[in-house]
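Accompanying notes for the structure given below.
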Amino acid sequence: MNMTKIVKTNHPSEIITVELSKSELEDILNSVDCMTEKEQRKLLENIPSTEEGRTRLDKYKALKEDLKKIFEIVS
23 MNMTKIVKTN
33 HPSEIITVEL
43 SKSELEDILN
53 SVDCMTEKEQ
63 RKLLENIPST
73 EEGRTRLDKY
83 KALKEDLKKI
93 FEIVS
């Protein structure tokens, strides 16, 4: 079983480069998908939604799309 490894860190810019397997990337993508769905449900159940909740959902959706692009490249 492969484990995620930190390859490089750049503290001033707060960028971390990691190495992970395709299956680990898929697991992360599935987790972000679940987080997105959960946040969307929460916003729909609590209308009117807060700006903080909408911002969090937008961040999850953007992360999900970025991860999907990466996954498509390696598939």
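Count along the sequence shown starting at 1, add 22, and that's the number in our numbering. No residue lacks a Cβ here, since even glycine has one placed at the ideal position from N, Cα and C. Treat the numbers as computed from the prediction; the structure is a model and nothing was measured.
Alpha-carbon to alpha-carbon, residue j and residue i
i, j, result
"Ile92", "Glu61", "23 Å"
"Ser35", "Glu48", "27 Å"
Sub-8 Å separation of residue i and residue j beta-carbons
i, j, result
"Leu89", "Leu79", "no"
"Val54", "Lys86", "yes"
"Lys42", "Thr26", "Rather than Lys, the amino acid found at residue 42 in this sequence is Leu. Cβ atoms of Leu42 and Thr26: closer than 8 Å."
"Glu30", "Val96", "Reading the sequence as shown, one finds Lys at residue 30 and not Glu. No, Cβ-Cβ distance for Lys30 and Val96 is not below 8 Å."
"Ile28", "Ile38", "yes"
Helix, strand or coil at residue i [DSSP, three-state]
i, result
"Thr39", "strand"
"Asn52", "helix"
"Thr26", "coil"
Limits of the alpha helix (DSSP H) - the one that residue i falls within
i, result
"Ile95", "Glu73 to Val96"
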